[in-house]
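Per the working numbering, the sequence shown starts with residue 13, numbered consecutively. Written out below as structure tokens is the structure these notes cover.
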Amino acid sequence: MDKADNCATAIDDIDKGEEIDYSSEKLKIKQPIALGHKFALIDIKVGNYIKKYGQIIGVATENINKGEWIHTHNIISHYLKEVLNQ
């Protein structure tokens, strides 16, 4: 992980309501997260970049709350955002 990351990848299935240790605090998971899927480490506003391993991997298409699942239903490619803004 990178200090700029606002999401993390589940290294195991995580149940809704489960609390995980992150950055010296507990983060409550809002939805079931499958192994390999991403979840928000902080609240992410619509239009903000999603960052994983220090790299931009997408743009939020809706507000994503801390602990929520991040997937194709709430992000788009940041390349698509750049094309749409031209």
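We put the beta carbon where it would ideally sit given N, CA and C, even for glycine.
Return the Cβ separation of residue i and residue j in integer angstroms, given the expectation that the two are a contact with Cβ distance under 8 Å.
{"i": "Ile82", "j": "Ala46", "result": "Contact doesn't hold; Cβ gap of about 12 Å is too wide."}
{"i": "Gly70", "j": "His90", "result": "6 Å"}
{"i": "Lys78", "j": "Leu39", "result": "7 Å"}
For residue i and residue j, what's the separation of their Cα atoms in angstroms?
{"i": "Ile54", "j": "Gln67", "result": "16 Å"}
{"i": "Leu86", "j": "Lys28", "result": "Going by the sequence as given, residue 86 is Asn instead of Leu. If I take the Cα positions, the gap works out to 18 Å."}
{"i": "Tyr65", "j": "Pro44", "result": "22 Å"}
{"i": "Ile76", "j": "Asn60", "result": "10 Å"}
{"i": "Ile41", "j": "Glu30", "result": "6 Å"}
{"i": "Tyr34", "j": "Ile26", "result": "14 Å"}
{"i": "Met109", "j": "Glu80", "result": "Given that the chain is displayed from residue 13 to residue 98, the structure contains no residue 109 and the question cannot be resolved."}
{"i": "Thr21", "j": "Thr84", "result": "14 Å"}
When the Cα of residue i is compared with those of the options, which residue comes out closest?
{"i": "Ile23", "options": "Ile32, Asn86, Lys63, Thr84", "result": "Ile32"}
{"i": "Ile88", "options": "Gly79, Ala72, Lys38", "result": "Ala72"}
If we count the other Cβ atoms within 10 Å of its Cβ and call it buried at 16 or more, is residue i buried or exposed?
{"i": "Glu37", "result": "exposed"}
{"i": "Asn18", "result": "buried"}
{"i": "Glu74", "result": "exposed"}
{"i": "Lys57", "result": "exposed"}
Starting from residue i and walking both ways along the beta strand (DSSP E), at which residues does that stretch end?
{"i": "Val58", "result": "Here Val58 belongs to no beta strand (DSSP E), and DSSP marks it neither H nor E."}
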